[in-house]
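When you line the sequence shown up against my numbering, it's residues 535 to 1157, in that order.
Data block below; observations after.
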Amino acid sequence: MAIKEQPKSPRFRIIANILLAVSGLFLLLNLFLPGLFASGPAGVPYSLFIHQVQEGEVSRVSVGQNQILYQLKTENAEPGQVFTTTPIFDLELPKLLEQKGVEFAATPPPKNTWFTTLLSWVIPPLIFIGIWQFFLARGGGGGGGPQGVLSIGKSKAKVYVEGESAKITFADVAGVEEAKTELVEIVDFLKTPGRFTQIGARIPKGVLLVGPPGTGKTLLAKAVAGEAGVPFFSISGSEFVELFVGVGSSRVRDLFEQAKKQAPCIVFIDELDAIGKSRSSNGFYGGNDEREQTLNQLLTEMDGFAAGDATVIVLAATNRPESLDSALLRPGRFDRQVLVDRPDLSGREAILKIHAQKVKLGDDVDLRAIATRTPGFAGADLANLVNEAALLAARNLRERVAQEDFAEAIERVVAGLEKKSRVMNETEKKIVAYHEVGHAMVGALTTGNGRVEKISIIPRGMAALGYTLQLPTEDRFLMNETELRGQIATLLGGRSAEEIVFNSITTGASNDLQRATDLAERMVTTYGMSKVLGPLAYQQGQQSMFLGNGASNPRRAVSEDTSKAIDSEVKEIVETAHEQALEILRQNRDLLEAIATQLLETEVIEGEKLHSLLGQIKPVANS
Ligand code: ADP
Ligand code: MG
Ligand code: ZN
């Protein structure tokens, strides 16, 4: 598929370029013409001229501003020969000439012909227009279409035209099977509309792809274009939004005008939320007229074409469906919503397979294992992961990407880049070591955490001084109360180890405490896991679909007593977990020492070695 620009009034372009060329030519002529005409009489130094005057050899003089023309008496030169000299500012000259009886006069200023007058009026604007055109042409190339002030309202849509090069098909998209099925149907609509209209089925006008960033919405739309074999207009929502009020709506109008001419075709509006934001929610700064007009125009256009006369299907993508204006989602507009969600285990494996085709894989690479370790990764993350692994392999001068490259790449993505430059002093290092081993040991004994794969005291990312990497062994969608309590205990394991070993607390556990408290609060207010408060939801509103578990949702209006009860329940849960962590570590104090000592030596413990060390933990009787 190749992106081609929509040809935009080429005749205007050609005329402008001819004007530019002609005006340039005139400019050149104008510069050189005076020079051509001036090469007449012979030039003489001024001093020689004065000398000749004094000697009485000069007969007639014509004094101009920049030039003095004169003739000599016939005995001194051929008759009619004119000499020229460049005058210097000499007030004595007229007196001298008079003394010597020379006939003299001032030359009248050169007369402008009608032609030069015309030129001086016409050329500057021509040059101006020429330069303008030049910049418009250049600016248009980068900005996705020959745009300029003259064509400000024209749609910026790119048209994908089918070509041999790199055609994207449904085979390039994996892990989003439901979305694919829906879109295959759309392609069928376009290819054989008769099959559907014949039974009286209405072809959908608008299909909205909804999902978190990087899950392949744009990719899917391109695949539809590649499969359908019809013109595909692609434009991003942000391109409608311009400085000038009214531009966006005229772009929408233009876009649909073009689309209707080329029907059947697909119009794809990426990042729809840029124009489709709920109108009620932007009363903040007096409303955004421009966006509102654009949105209204879009609604009008979508209502405007009846399904019968032209098959224009509008595809749009957004990762913030909750912010869209409800008018957009009404039947007859984007009445079909296709969820493009993060892939599950087998989906991730399939996506990895697609992207791994582009790199050379070693024999030991197990894509299934990689997929297992990357829950929550979207397609774009996985594509990035494969590339990151390939880069690592190349850096290690390997010919093929090995499994260990993938392992390292996952860590990079999960925990940020290793920061070897941040140096901790010995005491801090020791504290961090015990802290992390505390997490690891509690994590190994409680459920709900996944398997502890690595402990490190090499600082990573922005905040962490050390970290304990726990990777899930499978995708989990539900958690029970015991598992959540286990997670909280694990989070408190770091601080508990510090308490036991150093008998003091550092600031290092703040993030752990924050997460533990949030989790406990959610158990009480969202999941109804508190016996005291019962199965009630105290958290208000829908949690945002994609932004994880919004911990800062406002609470439902509750009585003061309930509020107190919530607080004490949260505290109770966290403190119980804290006790549990302390208990585990106290009972395994020797092992804590052993692992921490080893960690201080090697900085990293992982894999089999770690598993065998953690396997020695004695379970606590009542945990
Ligand atoms: P979105 O538009 O949903 O934010 P994109 O379609 O732009 O995400 O995805 C970015 C890139 O990530 C794609 O070009 C592709 O390389 C990769 N990718 C994302 N999702 C998938 C998928 N489901 N299958 C294969 N590759 C994917
Ligand atoms: Mg996108
Ligand atoms: Zn910690």
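From the three backbone atoms N, C-alpha and C, an ideal C-beta is built for every residue, glycine too.
In the DSSP assignment, the alpha helix (DSSP H) including residue i goes from what residue to what residue?
| i | result |
| --- | --- |
| V592 | That residue, V592, is in no alpha helix (DSSP H); its beta strand (DSSP E) goes V592 to V597. |
| Y968 | E960 to L979 |
| I1022 | E1015 to F1036 |
| M836 | D823 to G838 |
| G782 | V781 to K795 |
| A905 | L901 to T906 |
| P727 | P727 to T731 |
| G881 | L879 to A890 |
Nearest to residue i by CA position, among the options, is which residue?
| i | options | result |
| --- | --- | --- |
| G1028 | T1040, R1019, R985 and N610 | T1040 |
| R907 | T752, F1036, G984 and K1143 | G984 |
| A912 | D837, M1013 and L879 | L879 |
| G1020 | S581, G977, K988 and S1097 | G977 |
| F617 | N600, V595, K629 and Q732 | V595 |
| E1106 | V1058, I622 and D1046 | V1058 |
| R1056 | V1066, Y1072 and K1065 | Y1072 |
| D807 | Q732, R787, E761 and A850 | A850 |
| L858 | G750, T650 and E826 | E826 |
| L1025 | T1060, E1135 and T980 | T980 |
| T749 | G763, N853 and N1045 | N853 |
| F802 | S772, V781, S784 and D823 | S772 |
| E591 | E612, G577, Q601 and V597 | E612 |
| T752 | E719, N930, K714 and A1099 | K714 |
| L1119 | D1052, A1043, E1033 and T1051 | E1033 |
| A1128 | T1016, G1042, Q1004 and K964 | K964 |
| V710 | S1030, I1022, A941 and E883 | E883 |
| A943 | Q586, T1131, L627 and A923 | A923 |
| A890 | S1097, L873, V597 and A917 | A917 |
| V744 | G734, A755 and I737 | A755 |
| M1013 | A967, L895, D788 and G1062 | G1062 |
| K1065 | E1017, F723 and A1099 | A1099 |
| E805 | L606, P747 and F638 | P747 |
Using a Cβ cut-off of 9 Å (strictly closer), state whether residue i contacts chain D.
| i | result |
| --- | --- |
| E1106 | Considering every chain present, this structure includes no chain D. It has just one protein chain. |
DSSP puts residue i in a beta bridge; with which residues?
| i | result |
| --- | --- |
| L926 | Partner(s): none; L926 has no beta bridge. |
| F638 | V595 |
| I800 | F766 and I847 |
| Y604 | V595 and F617 |
| K988 | L1003 and E1140 |
| V744 | T852 and L873 |
| G577 | T618 |
| L895 | V935 |
Check residue i in the structure and name its three-state DSSP category.
| i | result |
| --- | --- |
| E1137 | coil |
| T852 | strand |
| R870 | strand |
| P1153 | coil |
| Q1077 | With a pLDDT of only 47 at Q1077, under 50, the local geometry of the prediction cannot be trusted, and no value is derived from it. |
| G1068 | coil |
| G1042 | helix |
| V721 | helix |
| L1125 | helix |
| P658 | helix |
| N610 | coil |
| V710 | coil |
| M1057 | helix |
| A912 | coil |
| F583 | helix |
| Q633 | helix |
| E805 | coil |
| R1090 | coil |
| L1116 | helix |
| G750 | coil |
| R864 | coil |
| V948 | helix |
| A509 | Outside the displayed range of the chain (535 to 1157) lies residue 509, so it cannot be described from this structure. |
| G982 | coil |
| D1095 | helix |
| S1146 | helix |
| L652 | helix |
| T647 | coil |
| G760 | helix |
Does any heavy atom of the ligand SAM sit closer than 8 Å to the C-beta of residue i?
| i | result |
| --- | --- |
| P855 | Because the ligand SAM does not appear in the structure shown, any question about it cannot be addressed here, the ligands present being the ligand ADP, the ligand MG and the ligand ZN. |
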